[in-house]
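Enquirer: Supplied in structure tokens, the structure appears directly below.
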């Protein structure tokens, strides 16, 4: 009975060592792949988020490049109705209340100092 027990323990240790080795290899492979892609900027990544809730529109930017952003809002006639400085912090945003505005399509244009532009249209207003 002791021989069987020792055999089982040796088998379990061997399996554990194999699993541990495989886990280490997997962890190293994951780390290397993450390190290789960490400095590659994805051109399709969009840092701007627009959320609509009733007649409130929230604009936020996950500004990982610490770029300076301005926001412009246009009505459905293409007239500039609002312009403001969002800032250059890592996380910036602004809230717009359209409850007293005429119903229609409004375009938000966010412009970074680096030249990147992001445009979004929302339907808002009373």
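In my numbering, the protein residues as written are 92 to 217. Glycine is no exception: its CB is placed at the ideal position from the N, C-alpha and C atoms. What you are looking at is a predicted structure, and each value in this text was computed from that prediction instead of being measured.
(1) Decide if residue 154 is buried, meaning its Cβ has at least 16 other Cβ atoms within 10 Å, or exposed.
(2) Please identify the residue among 214, 156 and 213 whose C-alpha is closest to the C-alpha of residue 179.
(3) So what does residue 178 bridge to, in DSSP terms?
(4) Does residue 196 come within less than 8 Å of chain D when only Cβ atoms are used?
(5) Quick check on the DSSP output: the beta strand (DSSP E) that includes residue 170 runs from which residue to which?
(6) Residue 148 and residue 184: beta carbons closer than 8 Å?
(7) Count Cβ pairs between the stretch 160-179 and the stretch 191-202 that sit closer than 8 Å; are there 3 or more?
(8) Please classify residue 187: does DSSP put it in a helix, a strand, or coil?
(9) For residue 173, which residues from the same chain have a beta carbon less than 8 Å from its beta carbon, with the 5 sequence-adjacent residues on both sides left out?
(10) State the DSSP-derived secondary structure class of residue 214, mapped to helix, strand or coil.
(11) Could you tell me the boundaries of the beta strand (DSSP E) in which residue 206 lies?
(12) Work out the CA separation of residue 144 and residue 196 for me, nearest whole Å.
Expert: Judging by the given coordinates:
(1) buried
(2) 156
(3) 160
(4) Given the protein chain composition of this structure (a single chain), no chain D is represented.
(5) Careful: residue 170 lies outside any beta strand (DSSP E) and carries neither H nor E.
(6) No.
(7) yes
(8) strand
(9) 162, 163, 164 and 187
(10) strand
(11) DSSP places residue 206 outside any beta strand (DSSP E), giving it a letter other than H or E.
(12) 15 Å
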